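To start, the structure under review is shown below, and the notes come after it.
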Amino acid sequence: MSNARVESEDVQTIEQTTTGETDERVREAWLDYEFTGETKLSTTDLDVYYGDDHALKGVSIDIPAESVTALIGPSGCGKSTFLRCLNRMNDRIAAASVDGSVELDGEEVYQDGINLVELRKRVGMVFQAPNPFPKSVRDNISYGPRKHGDIETGLLARLFGRDDREKEQELVERSLKNAALWDEVNDRLDDNALGLSGGQQQRLCIARCLATDPEVILMDEPASALDPIATAKIEDLIDDLAEEYTVVIVTHNMQQAARISDQTAVFLTGGQLVEYGDTDQIFENPRSQRVEDYITGKFG
Amino acid sequence: MTRDEYQQSLAALRTDVLAMGDLVADRLDRALAALSTVDESAARAVADADDAVDQRYLDLESECIQLLARQQPVASDLRFVASSFKIVTDLERVGDLAVNLAQYTLAADRKRFEEVDLSSIGDLARDMLDDAMTAYRTDDAALCRAIAERDDELDALCQRASERVVRDLIEHEVDEGDSWAVEELMDDVSRLLLVVRDLERVGDHAVNIAARTLYMAESDPSLV
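The listed protein sequences correspond, in order, to chains C and U.
Per the working numbering, the first sequence starts with residue -1, numbered consecutively.
Per the working numbering, the second sequence starts with residue 1211, numbered consecutively.
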């Protein structure tokens, strides 16, 4: 059991909430919020700046392992910025600076000398638009493990007595099965991945992520470009993945967050994390009036 | 549907549920009056008019389903629609009970058991229903809890009335050789006990409405 902590030094506004509580009291309630399972990711006083723009303000939150945590909120509220902090993708943005702490299994992600390739292998990411490589389905899956040296199938390797083609086949099959795509593409593993439908491409990207054996999967609106059938398959897949992986998903679709997540964190404008709790509680009886107004469409 | 239209739909649902509450309360008033004054034509009018209540119930059920399907309400909106969906069922049942009361009026021998005070029971049940709909209109959680407490009072009145009927039945002298008289007496007794039971059920439905309203207002399921 872990306590989830959500604080924001910059947010001191006293505001009536749905239960007559103040935002401060809502935050105090999070101090007592307990979830089942161990903490996988933990942030403390996390601030992100893009130049002078204070994009994320003092977010402290614990994310439980082997569950789905949804991040919701209006555009520009900082939820994608927060997601990208979790595997240091913000490092790729020159103007971005990060203060505070992010821990993965208790180990500081922002410590000097951390191996970013290894970090992003442990904390994989799936983006909004499907972005398969213009290669075969098989090569898309095995690309990461090859880069990491986990699979060698080249001529040189074979000359030195190493041939991982059987291992690669097993990896491809396992990854595609885990991404619920195997049945649809097993007879065209050597076809170009760009020939797949949008929904299949997105599941291929998830399979590609799974191939590197991650512990956490970050998803930034993974179904926003997909039709309802493809979306349903992605949502079913996320539900299955949560049995083994820690999934953190950003979505603009609140019904999707309500359907698939165990915990929901609500970010509102100004980079504030306003409420965090069980998804059932957030969507049935949010403590914060601002969250109530946002999710019922009266604000934002 | 825009967000404004959505908000208007929610407001319309509340108005329509309250209108159904008024309709059912009117039916109950007429049934109780018919019972009290032995007005057969009024009783027949109540019995014949149940279709209007049923139709209102079906319309409101459809209204709730449309809102759920098209708007996927959450938080207080969800609690409101879900509670309204349940409350209209209770109102429809109260409408049925009003019809039952009217039919008992048409069939009963009013000369027997005049000492059983049905009007006090009916007034209390009617007041509880009225208060339940007031609580629904105003999101009054305190009133919801008060209604639940008053149900004990109604139950006690009904219990006393039933015991009185049974005691009178035991004391009643009927010529055992007159099988027709015995049968008539038994019919009257069972009808009267059914009247008491149905009035008690009106109170139970009022408590149900209060329970759903409390959940709607404060997300408190303690009375459900």
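Backbone N, C-alpha and C define an ideal beta-carbon position, used for all residues, glycine too.
On a predicted model such as this, the values are computed, not experimentally measured, just so you know.
Own chain residues within Cβ distance below 7 Å of Met252(C), not counting five before or after: Ile70 and Ile293
Three-state secondary structure (DSSP) of Asp1350(U): coil
Where Gln261(C) falls, given that 16 or more other Cβ within 10 Å makes a residue buried: buried
Positions along the region 1262 to 1288 of chain U whose CB lies within less than 9 Å of some CB in chain D: No chain D is part of this structure, whose protein chains are labelled C and U.
Distance, Ile59(C) Cα to Met(-1)(C) Cα: At Met(-1)(C) the pLDDT is 45, less than 50, meaning the model places this residue with poor confidence; the figure from the coordinates comes in the next sentence. If you take the alpha carbons of Met(-1)(C) and Ile59(C), they lie about 14 Å apart.
As assigned by DSSP and simplified to three states, the class of Ile293(C): helix
Proximity test, Cβ basis, 8 Å: Arg1213(U) and chain C: yes
C-beta neighbour in chain U for Thr294(C), strict 8 Å: yes
CB contact below 8 Å: Ser1432(U) versus chain C: no
Buried versus exposed call for Asp1327(U) [16 or more other C-beta atoms within 10 Å across all chains shown]: exposed
Alpha carbon of Val1284(U) to alpha carbon of Tyr274(C), nearest angstrom: 16 Å
Completely contained beta strand (DSSP E) runs for the region 1384 to 1433 of chain U, where each covers 3 or more residues: none
Interface partners of Ser1429(U) on chain C, CB under 7 Å: Glu282 and Asn283
Reduced DSSP secondary structure (H/G/I, E/B, other) of Val1326(U): coil
Exposure label - Gly18(C); buried when at least 16 CB within 10 Å: Caution applies to Gly18(C), whose pLDDT of 47 falls short of 50 and renders its modelled position unreliable; the model cannot decide the point.
Rounded distance between the beta-carbons of Leu235(C) and Ala191(C), thought under 8 Å: With 8 Å as the limit, Ala191(C) and Leu235(C) do not qualify as a contact, their Cβ atoms being about 17 Å apart.
N-terminal and C-terminal residue of the alpha helix (DSSP H) that Tyr243(C) is part of: First-last for Tyr243(C): undefined, no H or E at that position.
Min CB distance Tyr1216(U) to chain C below 8 Å: yes
Best match in Glu171(C), Val170(C) and Asp148(C) for proximity to Arg299(C) [C-alpha to C-alpha]: No information on residue 299(C) is available, as it lies outside the stretch -1 to 298 that chain C covers here.
Reference Asp1340(U); option with closest CA among Phe1323(U), Glu1324(U) and Arg1360(U): Arg1360(U)
Proximity test, Cβ basis, 8 Å: Gln126(C) and chain U: no
For Ala63(C) and Glu242(C), the rounded distance between their alpha carbons: 9 Å
Per-residue contacts from Met252(C) into chain U (C-beta, under 9 Å): Gln1282 and Val1284
Residues that His52(C) bridges to, as DSSP identifies them: Tyr47(C)
Nearest-angstrom Cβ-Cβ length linking Ser1293(U) and Arg1422(U), presumed shorter than 8 Å: 4 Å
Residue-level contact to chain U via CB, Ala230(C), 8 Å cutoff: no
Whole-Å CB distance - Leu81(C) paired with Val214(C), under 8 Å assumed: 11 Å between Cβ atoms; not a contact.
First through last residue of the beta strand (DSSP E) which encompasses Met252(C): No beta strand (DSSP E) holds Met252(C); the alpha helix (DSSP H) holding it covers Met252 to Ile258.
Extent of the continuous alpha helix (DSSP H) to which Met217(C) belongs: Segment Val214 to Asp218 is the beta strand (DSSP E) holding Met217(C); no alpha helix (DSSP H) there.
Chain-ordered neighbours of Ala240(C) on chain U, where CB pairs are closer than 8 Å: The premise fails here: Ala240(C) is roughly 22 Å from chain U at the closest Cβ pair, so nothing lies under 8 Å.
Under 9 Å (Cβ pairs) to chain U, residues found in the region 40 to 69 of chain C: none
Reduced DSSP secondary structure (H/G/I, E/B, other) of Phe1295(U): helix
Val246(C) versus Asp218(C), Ala256(C), Thr229(C) and Ala230(C), residue with shortest Cα-Cα distance: Asp218(C)
Whole-angstrom distance between Glu1325(U) and Ala1317(U), CA atom to CA atom: 19 Å
Close Cβ partners of Glu182(C) (< 8 Å) along its chain, the five nearest in sequence each way excluded: Gln198
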